[in-house]
Amino acid sequence: MSDVTQALRVVRYTNKAFWRNPANAFFTFAFPLMFLVIFTALFGGDDVCSLGPGNCPPGKLISTSTFYVGAIAAFSIITATYTNLAINVTFTRDMGILKRVRGTPMAASSFMVGRILHAILITVVLVAIVVAFGALFYDAEVPSDTMPAFLLTIAVGAASFSALGLALTAAIPNADASPAIVNASILPLLFLSGIFIPIQDPNAWYVTVAKIFPVYHFAQAMNSAYFSVSGSGLEGGHLLILGLWGLAGVILAAMFFSWEPRR
Amino acid sequence: MANAIVVEDLRKSYGTVEAVRGISFEVPEGQVFAMLGPNGAGKTTTVEICEGFRSRSSGQVSVLGYDPAKRDRGMKARIGIVLQSTGVDIYLTVAETIEFYRRLYANPRPVDEIVQLVGLTEKRNTRVGKLSGGQQRRLDVAVALAGDPELLFLDEPTTGFDPAARRGAWDVIRSLQSLGKTIFLTTHYMDEAQHLADQVAIIAKGEIVAQGAPATLGGRDRAATRLRFRLPANAGELPEPFRARATLVDGGVELTTDDPTGTLHELTGWALQRGVRLDALDVSRPTLEDVYLEITGREAGTE
C-alpha cells in the first residue's frame, strides 16, 4: 500500500475513534459556538472597524457581533489544529501508540499526515458551522467575492497551526501537563491579538508584542478575508508571516519531535 | 541453520553509565531465545537496539541481515514487536485494531486466525478500552503477529500477569514456536525461560554471565545433587561417611553428592536398620532459579 493510502487509512481510523467519544466530539464543535454567543452577549453592542485598529474609513465599520463571527472562525481553526493536535499527539505518544507505529513498516510521515488531515477535516466542519451560525444570527454575510482569500487564509492557518501544535509536543513532558502547557501558550495570544477582544488601541505595547506571534496575523488576515467590502480581501503580508511561523513549526517538529514517552 | 539475530560485542552508554557492556549472542532461526535478568540489567536496552528503537554505542548487530540502526522498512515488514508498554486507540475494537495494523504488511494473517491464536475470539468486537490488562497484553501480541512476521520480539510479555494468564501466554508462545517463528524474549521469570526457551542468556549489569540451554545452564547438569531430610531427636548420630559432609540448614540436614543413587541407598539402609524415620526427605538438583540467583548474586557482590 502506498504512503498516501496509508495516510488516508489513518484519517479513517482516527475519525472512527473520534466519533466514538461523543462527549469530546460534542464539545469540540460546541465550544467555539459557546464563545461566540458569550462574547457577543458581553461586548456585542458597539461597532468595530473591520480593517482592524486604526483610522477606519467610512463603510468599514461593522457591528462587534459580526466581528466576532470572523474572530471565532479563526479561533476554531486554532483550537482544532494547534490545541487538539498538541494534546492528542502527546497523549498518543505517552500511550505508546507512536512507538508502536514506528515499529511497523508504515512511514512515520503517513501517520502524522493522517493525523493532520483529520484535524483539518474537523476544522473545515467547525468553520462551516461558525459561518452558518454567524449568517443566521449575527448578520455576518458568508464571504462571496473574498471566498478565495477566505479559503486560502483557512488553509495557511490550519497548516501553520498544525505544524506549531506538533512542534509544541516536544516541549510537553507528559500528557497530564499538555492541557496546561497548550492553554498557557495560546490563551494570552488569543486575548492580545484581537480574537477574544477587538484591539482598541493599536499603539498599545501589548499589540506590539502580539505582532511578533502568528495569532495576530491570522486574525488580521481572517478579518480582512471575511469582511472586506471591496478588493480580494487577501492579506499577503500577514499570511506570509503566518506561513513563516508554520515553517518554523515544521523545522522544530522535525528536529525535536519525540516518538516515545519522554520519561 | 542460519541465524536470525547476530550480536557481537554490543555496547550502549547513557552518558557515563554503561548499560550494556560488550555482549555477544546469536539467535538461530526457529528458536526461542530468552534473555533473563533482573530489572535494570540491560535487557530492554538490548532488545530495543535490535528492534531499531535505540542506537548502539559500538559493536555489530544484524537482524535478518539488516542493521537495525538504519530502521529499514524492509526489516520492519518482517518482524513483530511487543514492547513493554505500548497502547492502541481505546475507542477501536479488537478486530478494527488488528485490521488497521495487519494491512500495513504484504502478507498478513487473517483477523480470525490472529484473534484465535491469542484467545480473543470472543472479544473481537469489544472496544480496547473495555479489555482487562491481560487481554490488552494479548492484543499487543495479536498486533505484533498481524503481519505474519518471521521474527518476534517479546519484551517481558507476561510481567504483571496472574499465573493462569501466564500459562495462557506460554501456550501462545509455544504455538508460535511450532509455526517456526524465531522468538527473542526477555523476562525476569526463571520458570518462563525454563519453559519456553531453547537458549537462555543470563544478563546482569550489562554483561552476559551465563548462556546455554536451560537444562545445562551454569553447569546445572553436572552440579551435585542435594539431599535434605530431618532427623528425629532420638535418631542418634549419622553414620561416619555422612557426618563430615552434612550441614544443618533450617533445622534439617543437607548433604550434597555426586552419586545420588549410592548415597541414598546407604542413607536409607542405615535409617531402616535403626528404625529412624527421615522426615521431609527430598532429593533435588539445582533449579535454574538456584543457578540464576547464584550467578546474579555473585555479580552483584563484585561491586
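Residue numbers (our numbering), protein chains in the order written: chain A, 37 to 299; chain U, 66 to 368.
Note that the Cβ used here is the ideal one computed from N, Cα and C, for glycine as well.
Measuring straight from C-alpha to C-alpha, what distance separates residue i and residue j?
i: Ala-43(A); j: Ser-146(A); result: 4 Å
i: Gly-334(U); j: Asp-355(U); result: 30 Å
i: Phe-292(A); j: Ile-248(A); result: 23 Å
i: Val-85(U); j: Ile-267(U); result: 13 Å
i: Asp-324(U); j: Arg-285(U); result: 15 Å
i: Val-71(U); j: Gly-199(U); result: 32 Å
i: Gln-276(U); j: Val-265(U); result: 6 Å
i: Ala-288(U); j: Pro-304(U); result: 24 Å
i: Ala-216(A); j: Leu-202(A); result: 16 Å
i: Thr-367(U); j: Glu-272(U); result: Confidence at Thr-367(U) is low in this model, with a pLDDT of 41, below 50, so its placement is unreliable and no value can be given for it.
i: Ala-67(U); j: Arg-138(U); result: 22 Å
i: Ser-101(A); j: Arg-56(A); result: 34 Å
i: Glu-296(A); j: Glu-73(U); result: 27 Å
i: Thr-361(U); j: Gly-102(U); result: 8 Å
i: Ile-277(A); j: Thr-244(A); result: 15 Å
i: Ala-77(A); j: Leu-172(A); result: 16 Å
Around the C-beta of residue i, are 16 or more other C-beta atoms found within 10 angstroms, so that it is buried, or is it exposed?
i: Asp-181(A); result: exposed
i: Asp-220(U); result: buried
i: His-154(A); result: buried
i: Arg-129(A); result: buried
i: Ala-61(A); result: exposed
i: Pro-234(A); result: buried
i: Pro-58(A); result: exposed
i: His-253(A); result: buried
i: Met-70(A); result: exposed
i: Asn-219(A); result: exposed
i: Val-208(U); result: buried
i: Tyr-79(U); result: exposed
i: Trp-281(A); result: buried
i: Asn-104(U); result: exposed
i: Lys-195(U); result: exposed
Which residue comes first and which comes last in the beta strand (DSSP E) that contains residue i?
i: Ile-144(U); result: 144-147
i: Tyr-262(A); result: Careful: Tyr-262(A) lies outside any beta strand (DSSP E), inside the alpha helix (DSSP H) at 250-263.
i: Asn-36(U); result: With chain U running from 66 to 368 in the structure shown, residue 36(U) is simply not present.
i: Arg-293(U); result: 290-295
i: Gln-236(A); result: Segment: none, Gln-236(A) is in no beta strand (DSSP E) and carries neither H nor E.
i: Phe-249(U); result: 247-252
i: Ala-99(U); result: 97-101
i: Ile-273(U); result: 272-277
i: Pro-351(U); result: Here Pro-351(U) belongs to no beta strand (DSSP E), and DSSP marks it neither H nor E.
i: Phe-218(U); result: 216-220
Do we get a CB-CB distance below 9 Å when we pair residue i with the residues of chain U?
i: Thr-205(A); result: no
i: Thr-126(A); result: no
i: Asn-57(A); result: yes
i: Lys-247(A); result: no
i: Arg-298(A); result: no
i: Phe-54(A); result: yes
i: Met-142(A); result: yes
i: Met-131(A); result: yes
i: Gly-81(A); result: no
i: Gln-42(A); result: yes
i: Tyr-49(A); result: yes
i: Arg-151(A); result: no
i: Gly-139(A); result: yes
Would you mind giving the Cβ-Cβ distance between residue i and residue j, rounded to the nearest angstrom? I have them listed as a contact below 8 Å.
i: Val-46(A); j: Gly-150(A); result: 2 Å
i: Ala-278(U); j: Asp-263(U); result: 7 Å
i: Leu-288(A); j: Ala-206(A); result: 7 Å
i: Val-112(U); j: Phe-218(U); result: 6 Å
i: Ile-108(A); j: Pro-68(A); result: 5 Å
i: Ala-142(U); j: Tyr-166(U); result: Their Cβ separation, rounded to whole angstroms, is 12 Å, which puts Ala-142(U) and Tyr-166(U) out of contact at 8 Å.
When you compare the CB of residue i with every CB in chain A, is at least one pair closer than 9 Å?
i: Ser-197(U); result: no
i: Thr-151(U); result: yes
i: Asp-154(U); result: yes
i: Ala-142(U); result: yes
i: Arg-192(U); result: yes
i: Phe-118(U); result: yes
i: Tyr-170(U); result: yes
i: Val-248(U); result: Here residue 248(U) is Ile; the residue named in the question, Val, does not match the sequence. With 9 Å as the cut-off, Ile-248(U) does not count as an interface residue toward chain A.
i: Tyr-254(U); result: no
i: Tyr-166(U); result: yes
i: Leu-346(U); result: no
i: Val-208(U); result: yes
i: Arg-138(U); result: yes
i: Ile-238(U); result: no
i: Leu-148(U); result: yes
i: Glu-161(U); result: yes
Could you give the first and the last residue of the continuous alpha helix (DSSP H) run that contains residue i?
i: Leu-283(A); result: 272-292
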